[in-house]
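Shown next, in structure tokens, is the structure this report addresses.
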Amino acid sequence: MRKTETMSKVPHHIAIVMDGNGRWAKARFLPRVAGHKQGVDALRRCAKACQARGVRVLTVFAFSSENWARPQDEVSGLMELFGQALVREVPDLNSQGVQLRIVGSREGLSDKLLAALEQAQVQTAANRELVFNVCFNYGGRWDIAHAAAQLASRGEAITPQSLNDALALSHVPDPDLLIRTGGEMRISNFLLWQCAYSELFFTPVLWPEFDDTTLDAAIAAYAKRERRFGQTSEQVAPPIAQAGSAGSAQPAMARA
Ligand code: FPP
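Below, the structure written as structure tokens:
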């Protein structure tokens, strides 16, 4: 068996752009926030399903740096929903061993929301079964600029490794699989640095309707891909005699 085929078929880290809440609501003559509310339910199901399949890191895009430009009632609805979800979900997350990390800029968030997210992180910090990163007030460009500014302020050299270590997701390896729902085929300023070698999966399914079937389809598509990380097919698939030792062709920086 080729080396790539001996590697785990389940992605260690799945990242998701949860798109389509607005269209789901519009099709039902509901306000957009009702779609986001359903989106929270879909997210709860998805986190459980990922954990059941052996995924160890889940990262979702809940509110982008650019989402502030949406209608005011939608922005405040998302803030409200997030604050409520943080308080409500923590007991369940704890019982499932999920460590919650809120990733993104704290600028512009209310004191109440800041307190809720700090508390949720502290309460789940010791959990080890699944790292659940919720990117909120996050943008890939913000992340890279922020990391570079941190290095500059400390007088440190900017190298791929030092920048990588200063980014918001330095506590986890890069995503193996990036899923985007809702039919659009773009990254939309999500994990620009971290998705350099992620496998991409796009589905027309709207986020509130994302279920186990679609998750399994994404994982099955991922399992068929050959990950080369810039190398050749021959390099990542060594002779059969050496194939016993499973490993990753992913560069050390991304897998550290
Ligand atoms: C994009 O769909 C979705 C968002 C901007 C918000 C994503 C949020 C959730 C799934 C709920 C979880 C939220 C929190 C706060 C934990 P869209 O509204 O752009 O959909 P559309 O393209 O159909 O308009």
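Just so we're aligned, residue 172 is where the sequence shown starts under our numbering, counting upward by one. Ideal Cβ positions, reconstructed from N, Cα and C, are used throughout, including at glycine.
Please tell me whether residue i and residue j are closer than 8 Å, where the distance is taken between their beta carbons.
i    : j    : result
W378 : G248 : no
D347 : H207 : no
L340 : N304 : yes
L301 : R351 : no
A233 : L349 : no
E245 : N360 : no
V269 : G225 : no
D345 : S369 : yes
L338 : L322 : no
A205 : A198 : no
For the alpha helix (DSSP H) that contains residue i, what are its first and last residues?
i    : result
Q267 : Here Q267 belongs to no alpha helix (DSSP H), and DSSP marks it neither H nor E.
Y368 : Taken as a continuous stretch (DSSP letters only), Y368 belongs to no alpha helix (DSSP H), as it is neither H nor E.
D383 : D383 to K395
Taking its Cβ as the centre, do 16 or more other Cβ atoms sit within 10 Å of residue i, making it buried, or is it exposed?
i    : result
A240 : exposed
V258 : exposed
M189 : buried
V261 : buried
G415 : For G415, the predicted structure reports a pLDDT of 43, less than 50, and the residue's modelled location is therefore unreliable. A value from the coordinates is still provided. With fewer than 16 Cβ atoms within 10 Å of its Cβ, G415 is classed as exposed.
R312 : exposed
A297 : exposed
E397 : exposed
I390 : buried
F200 : exposed
Compute the minimum distance between the beta carbon of residue i and the heavy atoms of the ligand FPP, and state whether it is under 7 Å.
i    : result
M189 : yes
V258 : no
L249 : yes
V211 : yes
G275 : no
F303 : no
W313 : no
F373 : no
G193 : yes
F234 : yes
L280 : no
L124 : Residue 124 is absent from the structure shown; the chain starts at 172 and stops at 427.
Q353 : Residue 353 is actually Gly in this sequence, not Gln. Result yes, Cβ under 7 Å from the ligand FPP.
H342 : no
L214 : yes
N133 : Shown here, the chain extends from 172 to 427; a query on residue 133 therefore has no answer.
R203 : yes
W378 : yes
Residue range of the beta strand (DSSP E) that residue i falls in?
i    : result
R351 : L348 to R351
V407 : Segment S404 to V407 is the alpha helix (DSSP H) holding V407; no beta strand (DSSP E) there.
Under 7 Å: does the beta carbon of residue i sit that close to some heavy atom of the ligand ZN?
i    : result
H183 : Here the bound small molecules are the ligand FPP; the ligand ZN is not part of this structure.
Note to self: Please give me, in chain order, every unbroken run of the alpha helix (DSSP H) with length at least 4 that falls completely inside the region 175-256.
What the structure shows: Runs found: 192-197 and 203-223.
Checklist line | Any beta strand (DSSP E) of 3 or more consecutive residues that is wholly inside the region 267-294 | finding: The qualifying runs are 269-274.
Item checked: Complete alpha helix (DSSP H) runs within the region 309-333 (minimum length 4 residues, chain order) -> Runs found: 311-324.
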